[in-house]
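One structure below.
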Amino acid sequence: MQKEIQLETPLETRRPLTPVPQNNQRRNKHMRTGILFMAPALLITLVFMIGPALWSVYISLTNMSLTGAGAASPQWVGLQNFAQILHDGEFFNAFRVSLTYLVFSALIGQAVLGLLLALLMRKRNRVFKAILGSIIVVAWVIPDVVAGFLWSAFLAGGPQSVLAPGLLNTIMSAIALPQHAWLQQYPMTMIIMANIWRGTAFSMLLYASGLEGIPDELFEAAAIDGAGVWARLRNITLPLLRGTIATDLLLITLSTLSDFTLVFVLTGGSNLNTELMTIYQYRQAFQFYQIGYGSAIALLIIVVGAILSLLYIRILRVEL
Amino acid sequence: MRTQSRRVYLFPLVSVLFLLGLVLQACGGSGGTTSNGSGPITITVAYQQFGPPPYFEQQWWTKVQQQVQSTNPNIKLKLEPIIADEGDYYTKLDLMLRSPSTAPDLIREDSFLIGSDATAGYLTPLDSYLNSWSDYQQQWYPSMQKITTFNGHNYGVMDGTDTRLIWYNKNIFQKAGLPTDWQPKTWADILTAANAIKAKVPGVIPMNLYSGIPMDEASSMQGFEMLLYGTKDSLYNYNTKKWVISSKGFQDALNFVKTVYNPSDLLGPTNDIALSTQAANTITQQLIPQGKLGIDIDGSWVPNTWASGGQAPWPQWQQTMGMAKMPTQFGDAPNYVSLSGGWAYSISQQSQHKDQAFQVMKVANSVDNLASYDVAAAQIAPRKDIANVAAYKNLPGNEFFTSLVSFSQFRPAFPAYPKISVQIDSAMQHVMQGQSPGDAMSSYQQSVIGIAGQNNIETHT
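Protein chains in written order, with our numbering: chain A, 1 to 320; chain B, 1001 to 1461.
Structure follows, in structure tokens:
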């Protein structure tokens, strides 16, 4: 029963669209045609996605670099790059920074706030929905670079600074609170806030569509049985949204782990306190020109993402 | 039924073939650009172009292009500006240099990358060409020939250089009761002046010393090395070929940084300015012209910003801004410090027409051509004879900047330098944020051992 209501998981995959073939010959023919139709897409995937992916696995096992010794004659170094990364304190620093950023900005910030907003928007009137919705979505629609500059303008200035204060410091001094050089004093908190502001819309939209799929009758029935808001949330909304929650966590985790631009624009990418794994990777590969080492880091980022994704699927016990 | 299925097969087949064709064509790339046979030879020159115009390299090479093509009908000169900021420029350039189909013939790069790129095999040793070019032997300052030399081979021709010095605002000095023809003799003199400004001129940042990770190479070169090179110690020991990872001088230089950025008695800019990647723009385009900065340890290129057509035109700078030499720590010989960098043109190893490329290089670097570039781009000329060109000589400051070349020093341009430079920035930022110079130096030590290897380091006590 529950499975049927769970609209997030595509039902189509379980219910074959085409009638069961009468005999093997016909099935083979269908298959051949299908493969041929898929061939162009497969070829593109092969050439532009699987090819470079395998190439980067190969590079990660060499000492290839853009300049210096490794550029003249890249050599096979086996797992040496990975061994070096695991001895590099900066990698673990970046790992810790990325996880903090992920947990606070995505899992706590975006997912919880997104769900809250989606619940608030449910059954409101159209004008309210349109206004609130568009405000939130605007943050999501503007490019990362623009969002970065908006935030650095918002947070500009500081105590004793001769530069014009940003909006936040203007407000602070207007209500007689001390000013701060926000980005320099609290870089981690600031990038987390910026990312929450930026990414909440996505989670909200996803949850809103998930909520649409829950029949009103369930809520009515529960209300008649005397269930309060909290009980309804815990016993109806959350269980029925499980698939959506898993999808959302998965997507925001992957996008937050691969986030780069927003934090790079805000911090110049060079502050150890806010050096995400992606920024660490960029610096090694393109500032120090170590392509092999950088590829190895990139692969480790993928491994981290994959492990987290599997964890979500396990914990929430869903089929995607 | 059969005809129908054949039609079905035809479409994907055609699309697969079409795609294959596309892919193959893409793989072929633009390999056909180097013309063979009797047609004119194309020489490509690559340089960085970024931000708003004017583009001095473009002006220079357009002129050279006309000269070369009118005198040599066999050579076509193709300009290939690479539009990217400095970091991305090297990435793009190095990627282009990897493949014969994309490698330009002539390339412009910062002299401190020549060692790395020569090791990578991207550059042609120019010794045989340069030995037979009497102008180069006679006119390029020995230091300008040395800066492009790596492991005994010369890989480039400098198109200009720069020096580093102290800028100070005479109006602010007057208000602080300081002499308007100021020349500090020791580090302490600089701090004394900064403290006087702090005490007597409110609303003004006493001094700027680039520091911290966001400003990257500016922090290490304009900031830290200007200090360290004025101590008894150095960054690299050329005799033993080892990096000096711990020394009294290093610690003293960090201590100077700590004094400037001590939050309870701040002489430098606040963190929102100093620890931003925009620090140099904020300082040269806003704070100095607005009279909000007393002393700035910076480069000879700064007036470029204030020239008409620059990012922040400010004609009064000549009356307002004073120039002083950076003193050594205690005023010991050689009394003053300056550091020079600058960019050079090299011929790529992949170039098919090196002789012609060198011919083009000679035309580009003639007295007249190079002088007008150096004047336009506010570069210090690497050729001695340009010093007599009126347009160059008459430029405000040029005589002073050029006088610094005689004692100016260079960075150790080895492949490990860019990474070690970041470690210097990081040590600076640590002392800015409260760490003791000793602790900052010991974490620097650990990082450099990791970068250069245990066998390539030494400590001085």
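We treat Cβ as the ideally placed atom computed from N, Cα and C, and that holds for glycine.
Only a predicted model underlies this, so the values are computations on that prediction, with no experimental measurement involved.
Could you name the residues of chain A that residue i contacts, counting a contact when the two beta carbons are closer than 9 Å?
i               : result
residue 1121(B) : 71, 72, 73
residue 1051(B) : Those within 9 Å of residue 1051(B) in chain A number zero; the least Cβ separation is about 16 Å.
residue 1287(B) : 162, 163
For a contact defined as C-beta to C-beta under 7 Å, what are the partners of residue i on chain A?
i               : result
residue 1419(B) : 288
residue 1116(B) : 67, 68
residue 1152(B) : Correct list: empty, because the minimum Cβ distance to chain A is about 17 Å.
residue 1292(B) : 162
residue 1091(B) : 66, 286
So, residue i versus residue j, is the Cβ gap smaller than 8 Å?
i               : j               : result
residue 61(A)   : residue 78(A)   : yes
residue 951(B)  : residue 1284(B) : For residue 951(B) there is no data in the structure shown, the boundaries of chain B being 1001 and 1461.
residue 1111(B) : residue 1158(B) : yes
residue 134(A)  : residue 276(A)  : no
residue 1311(B) : residue 1161(B) : no
residue 252(A)  : residue 295(A)  : no
residue 1345(B) : residue 1323(B) : no
residue 106(A)  : residue 243(A)  : no
residue 109(A)  : residue 289(A)  : no
residue 281(A)  : residue 307(A)  : no
residue 1215(B) : residue 1339(B) : no
residue 1244(B) : residue 1207(B) : no
residue 1222(B) : residue 1298(B) : yes
residue 201(A)  : residue 140(A)  : yes
residue 1106(B) : residue 1122(B) : no
residue 111(A)  : residue 249(A)  : yes
residue 1367(B) : residue 1064(B) : no
Find the residues of chain B that neighbour residue i, judging by a C-beta separation of less than 9 Å, and give them in chain order.
i              : result
residue 148(A) : Ordered by position in chain B, no residue passes the 9 Å Cβ test against residue 148(A), which lies about 12 Å from the chain.
Less than 7 Å between C-beta atoms, sequence neighbours within five positions excluded: which residues of the same chain meet that for residue i?
i               : result
residue 1186(B) : 1327, 1329, 1330, 1331
residue 1100(B) : 1350
residue 1320(B) : 1169, 1170, 1171
residue 167(A)  : 154
residue 1233(B) : 1244, 1247, 1248, 1249, 1250, 1460
Under 8 Å Cβ-Cβ, which residues of chain A neighbour residue i?
i               : result
residue 1415(B) : 67, 68, 69
residue 1094(B) : 66, 67, 71, 289
residue 1113(B) : 67
residue 1205(B) : 162
residue 1213(B) : 268, 270, 271, 272
residue 1282(B) : 163
Looking only at its chain, what residues have a beta carbon closer than 6 Å to the beta carbon of residue i, apart from the 5 residues adjacent to it on each side?
i               : result
residue 1431(B) : 1254, 1257, 1258, 1437, 1440
residue 1193(B) : 1178
residue 1376(B) : 1056
residue 1190(B) : 1184
residue 1028(B) : Because the pLDDT of residue 1028(B) is 45, which lies under 50, any placement of that residue in the model is unreliable, and the question is left without a value.
residue 293(A)  : 81, 284
residue 299(A)  : 60
residue 2(A)    : With a pLDDT of 43 at residue 2(A), under the threshold of 50, the predicted position of this residue should be treated as unreliable, though the coordinate-derived value follows. Cβ neighbours of residue 2(A) beyond the five flanking positions: none.
residue 241(A)  : 210
residue 1092(B) : 1082, 1084
residue 1078(B) : 1042, 1044
residue 312(A)  : 246, 249, 250
Mind listing the chain B neighbours of residue i? Cutoff is C-beta to C-beta under 7 Å, in chain order.
i              : result
residue 181(A) : 1270, 1271, 1272
residue 327(A) : Residue 327(A) falls outside the range modelled here, since chain A spans only 1 to 320, and no answer is possible.
residue 157(A) : 1272
Sorted by chain position, which residues of the same chain lie with C-beta nearer than 8 Å to residue i's C-beta, five sequence neighbours on each side aside?
i               : result
residue 1081(B) : 1046, 1047, 1048, 1049, 1055, 1057, 1058
residue 95(A)   : 277, 304
residue 1035(B) : Bear in mind that the predicted position of residue 1035(B) carries a pLDDT of just 44, short of 50, making it unreliable; the figure below should be weighed with that in mind. Around residue 1035(B): 1041, 1042.
residue 219(A)  : 232, 236
residue 164(A)  : 156, 157
Looking at residue i and the ligand FMN, is the gap between the Cβ and the nearest heavy atom below 7 Å?
i              : result
residue 242(A) : With respect to the ligand FMN, the structure offers nothing, as it holds no ligand at all.
- What residues in the segment 1262-1279 of chain B bring their beta carbon closer than 9 Å to a beta carbon of chain A? Within the segment 1262-1279 of chain B, the residues whose Cβ lies closer than 9 Å to some Cβ of chain A are 1266, 1269, 1270, 1271, 1272, 1273, 1274, 1275, 1276, 1277, 1278, listed in chain order.
Would you call the segment 267-279 of chain A in contact with the segment 42-52 of chain A, where contact means no fewer than 3 C-beta pairs closer than 8 Å?
Judged by Cβ distances under 8 Å, the segment 267-279 of chain A makes no contact with the segment 42-52 of chain A, as fewer than three pairs qualify.
Between the segment 1140-1154 of chain B and the segment 1400-1419 of chain B, do at least 3 Cβ pairs fall closer than 8 Å? With three or more CB-CB distances shorter than 8 Å, the segment 1140-1154 of chain B counts as touching the segment 1400-1419 of chain B.
Discussion item. Pairs of beta-carbons, one from the segment 1300-1314 of chain B and one from the segment 1174-1186 of chain B, closer than 8 Å: are there three or more?
Written reply: By the Cβ rule, the segment 1300-1314 of chain B does not count as touching the segment 1174-1186 of chain B, because fewer than three pairs are nearer than 8 Å.
Does the segment 205-219 of chain A come close enough to the segment 115-131 of chain A to have 3 or more Cβ pairs within less than 8 Å? Yes: the two stretches touch, three or more of their Cβ pairs being nearer than 8 Å.
ask   = On the three-pair Cβ rule with 8 Å, is the segment 252-268 of chain A touching the segment 185-205 of chain A?
value = Three or more Cβ pairs closer than 8 Å define a contact, and the segment 252-268 of chain A meets that threshold against the segment 185-205 of chain A.
Subject >> Residues, ordered as in the chain, of the segment 1054-1087 of chain B that lie near chain A by beta-carbon distance below 7 Å >> reply: Result list: 1087.
Quick check: the segment 151-159 of chain A against the segment 1270-1289 of chain B, are there 3 or more CB pairs under 8 Å? Yes, since at least three Cβ pairs between the segment 151-159 of chain A and the segment 1270-1289 of chain B fall closer than 8 Å, the two stretches touch.
The segment 1124-1140 of chain B contacting the segment 1067-1081 of chain B, beta-carbon criterion three pairs below 8 Å: No, the segment 1124-1140 of chain B is not in contact with the segment 1067-1081 of chain B.
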